[in-house]
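Colleague: As you go down the protein sequences, you meet chains A and B in turn.
The numbering of the first sequence is full-length UniProt numbering, which starts it at 1 and goes up by one.
The numbering of the second sequence is full-length UniProt numbering, which starts it at 1 and goes up by one.
Shown below is the structure under consideration.
Number of protein chains: 2
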Amino acid sequence: MRHLKIIYFFACLLFSLAVSGQKHPGIMITGEQVPALRAGVNRYPLLKRSYREIKAAADAAIAQPVTVPVPKDGGGGVTHEQHKKNYTGILNCGIVYQLTGNKKYADYVKELLLQYAAKYESWPLHPARKNNKESGRIFWQSLNDFVWQVYTIQGYDLVYDAIDPKDREEIEAHLFLPILQFFTGHCAYIFNSIHNHGTWCLAAVGLTGYVLNKPEYVQMALKGSKLDGKSGYWAQLDQLFSPDGYYAEGPYYQRYALFPFLIFAKAIQNHQPRLHVFEYRNKLLAKAINSMLQCTYTNGAIFPLNDAIKDKTSETWELVYGVDIAYSDINNSNDLLDVAQQQGRVIVSDAGLKVAKAVYEKKATPFKYVSEWLSDGADGKAGGLGILRDGPNTDQQCVVLKATTQGMGHGHFDRLNLLYYDNGTEVFSDYGAARFLNIESKGGGGYLPENNSWAKQTVAHNTLVVDRVSDFKGSLEQAQATHPDLVYFNAKPGLQVMSAEEKNAYEGVVLNRVTALITIPELKKPLLLDVFTALSNGEHQYDLPFWYNGQLVDASFQFKAFAGELKPMGDKFGYQHIWLNAAAALNKEAGSITFLNKNRFYTTHFTSENPLTVNFVTTGANDPAMNLTTSRAFMLSRKSSGNATLVSITETHGVTDPVYETVTGAVPAISGVTLINNSEGKKTIVFWVNGKKEYRVTINYNDKNNFINLK
Amino acid sequence: MRHLKIIYFFACLLFSLAVSGQKHPGIMITGEQVPALRAGVNRYPLLKRSYREIKAAADAAIAQPVTVPVPKDGGGGVTHEQHKKNYTGILNCGIVYQLTGNKKYADYVKELLLQYAAKYESWPLHPARKNNKESGRIFWQSLNDFVWQVYTIQGYDLVYDAIDPKDREEIEAHLFLPILQFFTGHCAYIFNSIHNHGTWCLAAVGLTGYVLNKPEYVQMALKGSKLDGKSGYWAQLDQLFSPDGYYAEGPYYQRYALFPFLIFAKAIQNHQPRLHVFEYRNKLLAKAINSMLQCTYTNGAIFPLNDAIKDKTSETWELVYGVDIAYSDINNSNDLLDVAQQQGRVIVSDAGLKVAKAVYEKKATPFKYVSEWLSDGADGKAGGLGILRDGPNTDQQCVVLKATTQGMGHGHFDRLNLLYYDNGTEVFSDYGAARFLNIESKGGGGYLPENNSWAKQTVAHNTLVVDRVSDFKGSLEQAQATHPDLVYFNAKPGLQVMSAEEKNAYEGVVLNRVTALITIPELKKPLLLDVFTALSNGEHQYDLPFWYNGQLVDASFQFKAFAGELKPMGDKFGYQHIWLNAAAALNKEAGSITFLNKNRFYTTHFTSENPLTVNFVTTGANDPAMNLTTSRAFMLSRKSSGNATLVSITETHGVTDPVYETVTGAVPAISGVTLINNSEGKKTIVFWVNGKKEYRVTINYNDKNNFINLK
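Pasting the structure below:
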């Protein structure tokens, strides 16, 4: 590995000299493919549809007067949206120019760029900036400026030959060169950071370097400002991804970062094929795309871990790029075409042409979702993300165990968090980020105060909270310093299991979670077994919330919701944002809760060493601006002066059919859940099916050869 | 009209004598159509798919042992669901027997019926009954027994010829005759009622009369126990429907009642065609089906007025029957085929064959949704339901004004209630019923206590509440005695308006609502104008809630949600079930609230004679069993010692695109909403578009020739 890196380092030095005599266009569309692309947009439905969309957008853009406003508004505001419109207009018109040869589209791009060139140098840091360091000049955040340039430079490359040299000189001298200087100068801190903002910045610089034939900027993009390889593209590929292609900030930001990683890779491949960028680090980019797709559920939803906007699916543009480039340039596996079909669009580009052609030729096969452990950390040893799946893509159970590193500033304090999907929908869900993306009236479209006070806190997740305090007391610095560890992972069909351990989140408490999908012949769907243990000598309060989707319909115990008054459950670490609806102290060790979600029943049977209290809670307290959306949880709670084990078995059963007005299987099959042989090294969970058949699941924590067995 | 009735009365007497020499089968499938049907299930996709479903269900049924348990459980319980399974099994096997000629399906029906015949007479009233009067013997409610028989007798008719006469005698003597006696004897009160339970009861009796060739029971079904025409089928058709085909209990129960109305009609048509049942009362049944379909939104959702389960759509079986019978027997309008396509199934029957064939021949045209006033009351003069629509079926605005009669026991206290749909979804919605249909753990699957204490109360609807008391103080008897009145209806494109008046709901207060869809050239979508007036000399508290779907994103005024404690808004008339989240007393007459629903923005601009208080509320207080689902409203409130006018203009604007991460049109175009020329007879509402163009809408309450104008 280290050797490989050194070889790459010298390879870069060597081939950098070969960057010269640029041909335009040379990024997503290359000149030689234009004839095939022109034929393809009339032939292959996916490409045709995608092109039609772009053509319509380009025509809408040129129908409007060229508008380059002085930057003024924050995210979602008028000037913000106008500058966003401009960069998509530039790219769309560039594409349409190549496909039609109609010069009016190139002229529009030229006009816009000349106006920017006339003004850009006079724009200081953005007036709506939050701090100087991260300020852009066109946008309130430099990140948006980087994105602007990644789009714009592609559009410029596409119309390059249609702009006369004098105008090109004007645009390059007064817009692109000042931008390069701003990105590598004022923004050097970000340019050299190992972070998605850094990726966007260096991709903008590198692409611009290629298009303007400025190899020195390409070199900086590849190897950092100092050309020492401690930052830049290769360093980011080394450090931000695990060997499995998992991205340190989590799937939501992986999606976002993939886009500049891939576009820049495509440009490197076109301009410096001998760098073999797609081969780098055992085809890391291919793994990154695959692991990204594996971090989605069958409905396309990206696992909403860390700061994630929840309506993101695999239909986002970033994943359209990912799938198309993966298929065309790295690994033309036909199951990627399944995703492309779901996306319903391709990039109008060389890569998109290949995908659309293959789909047209009916090569698509169902996307291969797998159960796997995605290691985290540059060396793959800093915990990871466990994913278990069962069933066909049309009705899949999927369980996710988050035992990754913190994920930097966008990370949540959710060690050993669990997500559960079934029947095409979320069952145990994650709040994601507290943010209304680009909706200016809501905190300028950025993260809301409740993102810190609620969404990041441990109690907002399906994991254990000790003493009603968040992991690491909510300290990012401390959380970033350590990571959970993989204990065991085995995706053996019928008895899939994963386990991870967290020793640092709480002083004096070691947390372990074992999560399994257990198939038993009496039931159609596997059971979700979840065993959470806290090893400690001290006395602690343990709360394990399950943020469920759906409507509560039954419980094995009596409870009475507070009728005339609601109070927050606490005053800090997120508890101040939860209304306590009901608290039921059970008088026996076992109990169950049934809820109905999308016409299917779910019963969570639970037990512990001592009777639990079940708290029913709803988000919304201490939220003066009503920024929070409504989520509901049942929370298993208890005090313990020694080790504590919280066991649950969630059973999927029955169906309600609103068309036929029938209900079947409303009563769960599992009963008598008991914890026996309970020691630090071994636990046995007993349960009954249909009151007749007894099953015993034994977990041997210290025996990797016999970690779990079912009898 | 009266003459027509008398003629029908004699016609019935006359033709009743002609009921003889039955041929089997003779209800939904008639013997002569069987060859065509057998060919059709292999040819027409809709019929093929529908038959495949029925065949699979029939095969699943006969694979199970014949099970006829002693009745024990309430709705959703084991015996309840088994008896439901049995009647669908009987009907499905009957159909499959006719289509395959395979005697095993007929044998299954015979076995089941012989078992029922062996036991039925020994079953007393159901042990889980709520009261004797409405108890069934197979089910806890006689209603379910009626439904059981409507299905079962059809299945029996289908296999009649395959059962030997001795067994038939057994079944008829010990099952069907005792059932006829039970329905017309113990259940006579229901049999003779003018109510949907009565419809099911008489349809069961009438169908059984035809199949068993017992004309005396057919006569009773048509004309009531006493054969005097004061009850029975004709009386129900006269009294339960308005001349426009609107059903007194509202759309949800219309759907339910249509089913027995139509099946019995089909049997009458087959056995006594000279009764011309489909021509009765100016083709009332056709109007009833059409008005039912007009009481849906473009997503298929049935307007959830009165006690309605909200996931009901036009895909329900009852409407499959409605559409197929309407198309085949009454009015073969090709836009009905559009609905059939959405339903994705047809009845495997003579009628379904015609529909599937026509769909196969590509005759379908988009369903014609119209703006219309559906009168209520047998004479059409007891108020009604106003519906305004604008735009294509793919993106339609739809506004509903409920000014109907109370609708008997399932009616809500929601005089002048408003529903608003747009963009394929609910914008201002109705809670519907508080009920988890057939989910036994929730109140036995029946109506929950909160249906009375919450769902029926005025404040649960989008209408004015006076002094925080429900219409008629929640008295059904008083509410049933009077009705609101139509003031004006005009569906002129560009300026559609409806107005109704309610004089009786509150003593000393006359309520009027004017609701309009106003098209102005600057905006793509019409504005929803709503002017609610309360005329009174006394001092009153007025609350006008808007139960909105989506997430609040902006308001023109400062507000601060209660952070550390929530209290219910009141202690009765539904107010005890709402948590008051925030209360903002405005300091000027006008204000606005913006919310985001399914990627589209809605801004409600409002004004009144004096500054309003805006209350933000959420359901869920005083709900110990957590039976309520979460709904949110903003409520415009004020006190007034004279007349009060609450004006709102709801504007649809902008779009968020989660794929492209763009937001456009987040800022509303309307501003400066003011109420001028405010008198009892005339009001002018002024508003500005884009701050530039002024519009004035004037309502002349007493001038039908110039009721509303826009300048």
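Cβ coordinates follow ideal geometry from the N, Cα and C atoms, glycine included.
What residue range is occupied by the uninterrupted beta strand (DSSP E) comprising Ile-685(B)?
Modeller: Note, Ile-685(B): beta strand (DSSP E), 682–689.
Colleague: Who does Ser-375(A) pair with in a DSSP beta bridge?
Modeller: Gly-384(A)
Colleague: Determine the closest residue to Leu-125(A) out of Val-70(A), Gly-344(A), Tyr-297(A), with distance taken between C-alpha atoms.
Modeller: If we check each option's Cα against that of Leu-125(A), Val-70(A) comes out closest.
Colleague: Establish whether the CB of Pro-568(A) and some CB of chain B are separated by less than 8 Å.
Modeller: yes
Colleague: Beta-carbon within less than 7 Å of Ile-62(B)'s beta-carbon, same chain only, minus the 5 sequence neighbours each way: which residues are those?
Modeller: Same-chain partners within the cutoff: Cys-93, Lys-104, Tyr-105, Tyr-108.
Colleague: In angstroms, rounded to a whole number, what distance separates the CA positions of His-483(B) and Asp-379(B)?
Modeller: 13 Å
Colleague: By the three-class DSSP mapping on this structure, what secondary structure does Arg-43(A) have?
Modeller: helix
Colleague: With DSSP as the reference, please indicate the residues paired to Met-220(A) in a beta bridge.
Modeller: BP columns for Met-220(A) are empty, so no partner.
Colleague: Do Trp-579(B) and Ala-621(B) have their C-beta atoms within less than 8 Å of each other?
Modeller: yes
Colleague: Going by Cα to Cα distance, which pick from Ile-699(B), Ala-364(B), Asp-467(B), Glu-651(B) is closest to Arg-638(B)?
Modeller: Asp-467(B)
Colleague: Kindly indicate which three-state DSSP category Leu-13(A) falls into: helix, strand or coil?
Modeller: Note that Leu-13(A) has pLDDT 44, beneath the 50 cutoff, so the model's placement of it is unreliable and the number below is only indicative. Helix.
Colleague: Would you say Trp-579(B) reaches chain A, if we count a Cβ-Cβ gap shorter than 8 Å as a contact?
Modeller: Judged by the 8 Å Cβ criterion, Trp-579(B) is in contact with chain A.
Colleague: Which class does Phe-532(B) belong to by DSSP, given the choice of helix, strand or coil?
Modeller: strand
Colleague: Please work out which residues of its chain come closer than 6 Å, Cβ to Cβ, to Ala-584(A), disregarding the five sequence neighbours upstream and downstream, and give them in chain order.
Modeller: Phe-557, Phe-559, Val-614
Colleague: So, under 8 Å CB-CB, Val-663(B) and Thr-656(B) are touching, yes? Tell me the CB distance rounded to an integer number of Å.
Modeller: 5 Å
Colleague: Cβ of Asp-376(A) within 8 Å of Cβ of Tyr-253(A)?
Modeller: no
Colleague: Between Ser-671(A) and Val-647(A), which are expected to be in contact by the criterion C-beta below 8 Å, what is the C-beta distance as a whole number of angstroms?
Modeller: About 14 Å separates the two Cβ atoms, so there is no contact after all.
Colleague: From Thr-184(A), Gly-446(A), Thr-425(A), pick the residue whose C-alpha is nearest to that of Ala-433(A); which is it?
Modeller: Gly-446(A)
Colleague: Within 10 angstroms of its Cβ, does Ile-676(A) collect 16 or more other Cβ (buried), or is it exposed?
Modeller: exposed
Colleague: Pull the bridge partners of Ser-640(B) from the DSSP assignment, please.
Modeller: His-540(B)
Colleague: Alpha carbon to alpha carbon, how far is Phe-278(A) from Gly-26(A)? Give it in angstroms, no decimals.
Modeller: 17 Å
Colleague: Round the Cβ separation of Leu-374(B) and Leu-385(B) to the nearest angstrom and send it over; I've been treating them as touching at under 8 Å.
Modeller: 5 Å
Colleague: Between Gln-239(A) and the rest of its own chain, which residues show a CB-CB distance below 6 Å, the 5 nearest in sequence each way excluded?
Modeller: Ile-194, Ala-378
Colleague: On the premise that Tyr-327(A) lies in contact with Ile-263(A), defined as a C-beta separation below 8 Å, what is that separation, rounded to the nearest angstrom?
Modeller: Actually they are not in contact, since the Cβ atoms of Ile-263(A) and Tyr-327(A) sit about 16 Å apart, beyond 8 Å.
Colleague: Compute the distance between the beta-carbons of Ser-142(A) and Ile-190(A), then report whether it is under 8 Å.
Modeller: Result yes, Cβ atoms of Ser-142(A) and Ile-190(A) sit closer than 8 Å.
Colleague: List the residues that DSSP assigns as beta-bridge partners of Arg-632(B).
Modeller: Tyr-548(B), Thr-618(B)
Colleague: Taking the alpha helix (DSSP H) that Asp-167(B) falls in, what are its first and last residues?
Modeller: Here the alpha helix (DSSP H) through Asp-167(B) covers 165–171.
Colleague: Please classify His-577(B) as buried or exposed, where buried requires at least 16 neighbouring CB atoms within 10 angstroms.
Modeller: Its Cβ being crowded by 16 or more others within 10 Å, His-577(B) is buried.
Colleague: Along the alpha helix (DSSP H) that carries residue 712(A), what are the first and last residues, could you check?
Modeller: There is no way to answer for residue 712(A), as the model of chain A reaches only from 1 to 711.
Colleague: Residues of the stretch 652–665 of chain A in Cβ contact with chain B at a cutoff of 8 Å, in chain order, please.
Modeller: Thr-656, Pro-658, Val-659, Tyr-660, Glu-661, Thr-662, Val-663, Thr-664
Colleague: What residues from chain B crowd round Asn-615(A), counting only those whose CB sits closer than 9 Å?
Modeller: Chain B residues near Asn-615(A): none, gap ~13 Å exceeds 9 Å.
Colleague: Starting from Arg-255(A), trace the beta strand (DSSP E) in both directions and tell me its first and last residue.
Modeller: Taken as a continuous stretch (DSSP letters only), Arg-255(A) belongs to no beta strand (DSSP E), being part of the alpha helix (DSSP H) at 251–271.
Colleague: What does a CB cutoff of less than 6 Å around Thr-603(A) pick up in its chain, not counting 5 residues either side in sequence?
Modeller: Ser-592, Thr-594, Glu-651, Pro-668
Colleague: Can you give the beta carbon distance from Ala-340(A) to Val-346(A), rounded, assuming they're within the 8 Å contact cut?
Modeller: 6 Å
Colleague: Going along the chain, which unbroken runs of the beta strand (DSSP E) with 3 or more residues stay wholly within the stretch 110–176 of chain B?
Modeller: Counting only runs of 3 or more, we get nothing.
Colleague: Measuring CA to CA, which of Ser-640(A), Asp-414(A), Ala-481(A) is closest to Ala-500(A)?
Modeller: Ranking the options by Cα distance to Ala-500(A), first place goes to Asp-414(A).
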